[in-house]
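Structure, as structure tokens:
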């Protein structure tokens, strides 16, 4: 086990601490009273978690692909189960993303959540522990436990604090995800029977037969494709996003969707490399369809939240595209893009939540012409809009550029097919921005009843808390946009190692096999490509 | 023969005698429940004390070992919890409460006998002792509408008699083929007979039907929804938990006769298991009465337990024992909520759950813990149980069974979530039904059930060790 791990050498067990603080905080919440105290407590706990997680960044050793800050505890010896946790260059950024987004989730729910605040804080804190658990688990069983455990608080977030169609949306979210993850469970058990271990690095090192790889790849990919979500399994996402409360949407967009991408990188690629290489064309085709389809649907939405939800489908398409290019630029781009999407889309959902608190509508037409009355708000909205369609100088530009470089260096066609997606993103985001800031409000009677040209004279601009929330994210938009080198350096060795794993692993398959046995799959793939072109 | 081997049974017999005399006199309801509780606790204690005893009794027809004792602990412990559930028997007429406890105890006693019985006629007699007592208590329900519990009672008798008949018929086949009724003798010849004699498979399956009936497993599951719905809440709680433990104890013994290999017989049982899960889960989706829903859910769970039972071996069999323990705890959690929600002893529907989180947060939470557990969401005992069961099945190479099982688990999440959603829904304005008041003991029980669901799920090791010890002596 030692060859895969670097045990934690900090003065405290950093990963356990990061996971335990929200959990203990959640339990203490049950004994607190008073809305103000509860909110402050939630904020305090999440901030402490973020601070405690900082050494993961500062003390991270970017020269190794081993799992760092590792901790291993015995748990269930009958099945060789261990509580093993650690981070590498792929997961560390996602862990940090989680710990830093969570305080903002509490902040953006400050006035939004009015009922059952105690339960809300409790559920959000539990959610944080479960999400962090997914990213730090080095054990498939542990991974699965957190993966599933996360469902319950998220379900409650939508079902209890959601919008009018919350029942439908929450059940759809739950069933979709559960249906995917039960196959994940089968794959995990099957691999355990085969190898006798749940330990992820050992599972990666094992050589599975080609046929076996295909099956476990499909089982894993189904679960992760639902979570990402990839076309055509994305239908739960708009429903869940629209009905979820603002903090729920932010958690969903910023962190939950990343688990799909992370799963691909942690399970599919290294454990089933030969299958990955064989099935890559289909996943690339699906990724491109997600990009185009998500962007196209976003173009036609009148509900702002739905628009951003569909745009997420498109953005996450870039992430899966980068992953399955199987080269370092593509994968680095997609990891960076996951972080970027977490920042930008999270920020956009917070923006929507802020305007919804003021106008109680998510329709574009009810929120138009805000430029005059809410200058600070539209400034921030502008920044995140630019970031959402990958304007140079913003964070998404770097990520998308890397993915496209990876695409063009591997398959020019794939790169060319992804470009319209980027154009679509500009189209729907600028349309949204234009309408919300400048649109003439003449057509809408109730807007102009005071004759001052805006109709929104009652709307107050952002207060200090809201400015702080958005400013924090805006800083990251530009920081990553202008100076992405530190983040890229962190993931560099791990990604190179992963790409090596895939390519050496894929060499083990007989060269003829995958062309003959999967001729029908190839045909389906080329048909799908044609459809995309069409 | 040492009497100490027979200690739990003796305590139960004493309990029967005490309750019989109580039924002759006029005992207050509160003290009656107290007496029953103390005696049930004593029986559990006796089972724990005799945990490491070993020996054969009654012309080698009755075997006491770790395996039988672990089931006796679960059975007597469940009996204790069922009696503990709430303020004594709100669904039963006051003057027949002693009789009610009496027959409940007799039924448990039959099941305790069953877990030690290793001879076919002893098995049948134990099964009948437990069934006859149940025939009596199912129609005992205090309600104005006289029909529903009578219907349930009649159905239970008819289906019960029918399945006992089939079991007897199966036993006659097996006896005809092997000329013995002792399981130790059968174990030597049955594996050979199964490959050469189709009659042996038919005989074995028919013999098991009586236990399928007790476990509410396909194809003997038809009685379940009506009886669950018609019987009083406390009766349903009992039927849903205790007899199933006894049935599992015996099914494991019978399946062990067949040997460790995957055979035709395994596939017959696998088909039953899949049908059981599918029928149970699909029917449960549309139920509105909570007890009826739990009836279908129990049919589905019978399927999961069967997956563990037919994955014969150390892990498979001990996983079945673990699963049934988890099943009992989760069901008790759900029925605890139902029982306390209906102080008048009526049935509970989804509409009655509305705003429960406000009326009684503890009940809502216990019910949700039970529902999430049965849906198999980590870190509950339901998840760990399913996980170990499926691991054992994959080890046996039963991939198809596992895949159908997990698909079923995903389907079942829908109706379990419906329960949670109803309990936590916000329409409290029109539903001013007032708070549900719980006594201190009831509160303690709720907390204990929640903790059990979580802790046994997170730390399965200690119980699995016991279960493995038990399997080792089979």
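Protein chains in written order, with this note's numbering: chain A, 1 to 534; chain B, 1001 to 1474. Cβ atoms here follow ideal geometry from the backbone N, Cα and C, with glycine treated the same way. Just so it is clear, the structure is predicted and the values come from calculations on it, not from any experiment.
Asked	Found
For a quick check, are the C-beta atoms of residue 1308 (chain B) and residue 1384 (chain B) less than 8 Å apart?	no
Could you tell me which chain A residues have their CB closer than 9 Å to the CB of residue 1417 (chain B), listed as they occur along the chain?	155, 159, 170, 171, 174 and 175
With a Cβ-Cβ cutoff of 8 Å, do residue 1245 (chain B) and residue 1078 (chain B) count as a contact?	yes
Rounded C-beta distance between residue 347 (chain A) and residue 470 (chain A)? I'm assuming under 8 Å.	6 Å
So for residue 85 (chain A), helix, strand or coil by DSSP?	strand
Should residue 35 (chain A) be flagged as near chain B, meaning a C-beta pair shorter than 8 Å?	no
At the 8 Å Cβ level, is residue 1406 (chain B) part of the contact set with chain A, yes or no?	yes
Taking 8 Å as the cut-off, decide whether the C-beta atoms of residue 1379 (chain B) and residue 425 (chain A) are in contact.	no
What residues from chain B crowd round residue 178 (chain A), counting only those whose CB sits closer than 7 Å?	1410 and 1413
Please look up how many angstroms separate the CB atoms of residue 322 (chain A) and residue 311 (chain A), rounded, as I've assumed it's under 8 Å.	Wrong, their Cβ atoms sit about 17 Å apart, outside the cutoff.
At what residues does the alpha helix (DSSP H) containing residue 68 (chain A) begin and finish?	Note, residue 68 (chain A): premise wrong, no alpha helix (DSSP H); beta strand (DSSP E) at 67-76.
Tell me whether the stretch 216-234 of chain A and the stretch 283-293 of chain A touch, counting them as touching only if at least three CB pairs, one residue from each stretch, are closer than 8 Å.	yes
Is residue 1186 (chain B) near residue 1202 (chain B), with beta carbons less than 8 Å apart?	no
Between residue 1382 (chain B) and residue 1326 (chain B), is the Cβ-Cβ spacing less than 8 Å?	yes
To the nearest angstrom, report how far apart residue 117 (chain A) and residue 153 (chain A) are at their CA atoms.	14 Å
Name the chain B residues that come within less than 8 Å of residue 318 (chain A), Cβ to Cβ?	The premise fails here: residue 318 (chain A) is roughly 30 Å from chain B at the closest Cβ pair, so nothing lies under 8 Å.
Check whether the Cβ of residue 26 (chain A) lies closer than 8 Å to any Cβ atom in chain B.	no
Using a 10 Å radius around the Cβ and a threshold of 16 neighbouring Cβ atoms, would you call residue 1279 (chain B) buried or exposed?	buried
Going by the beta-carbon positions, is the gap between residue 1377 (chain B) and residue 151 (chain A) smaller than 8 Å?	yes
Spatial neighbours of residue 1316 (chain B) within its chain, please: C-beta separation below 8 Å, excluding the five flanking residues on both sides.	1308, 1309, 1310, 1389, 1392, 1393, 1395 and 1396
Quick one: measure Cβ to Cβ for residue 480 (chain A) and residue 367 (chain A), integer angstroms, because I've assumed they're closer than 8 Å.	Wrong, their Cβ atoms sit about 28 Å apart, outside the cutoff.
Using a Cβ-Cβ distance under 8 Å, would residue 148 (chain A) count as near chain B?	yes
Go ahead and pull the three-state DSSP assignment for residue 1142 (chain B).	coil
In chain B, which residues lie with their C-beta within 8 Å of the C-beta of residue 182 (chain A)?	1406, 1407, 1409 and 1410
Does residue 1052 (chain B) pass the burial test, meaning 16 or more other C-beta atoms within 10 Å, or should it be called exposed?	exposed
Please name the residues in the stretch 183-209 of chain A whose beta-carbon is closer than 8 Å to at least one beta-carbon of chain B, in chain order.	183, 185, 186, 189, 190, 192 and 193
Below 8 Å, how does it come out for the stretch 204-215 of chain A and the stretch 163-171 of chain A: are there three or more Cβ pairs, yes or no?	no
Would you give the residue range spanned by the beta strand (DSSP E) that residue 1377 (chain B) belongs to?	Segment: none, residue 1377 (chain B) is in no beta strand (DSSP E) and carries neither H nor E.
Measure from the C-beta of residue 1390 (chain B) to each C-beta in chain A and report whether the shortest distance is under 8 Å.	yes
Look up residue 1064 (chain B) in the DSSP assignment and say whether it is helix, strand or coil.	strand
Could you give the DSSP three-state label for residue 1344 (chain B): helix, strand or coil?	coil
Determine, using beta carbons only, whether residue 247 (chain A) and residue 124 (chain A) come nearer to each other than 8 Å.	yes
What separation, rounded to the nearest whole angstrom, lies between the Cα atoms of residue 1036 (chain B) and residue 1253 (chain B)?	31 Å
Only counting runs of 4 or more residues, tell me where the alpha helix (DSSP H) segments fall wholly within the stretch 1097-1163 of chain B, in order along the chain.	1097-1116 and 1120-1137
Can you check which of these residues, A:493, A:109, A:501 and A:13, is closest to residue 84 (chain A) by C-alpha distance?	A:13
To test your reading of the DSSP string, which unbroken alpha helix (DSSP H) runs of 4 or more residues are found completely within the stretch 1316-1362 of chain B?	1350-1353 and 1356-1359
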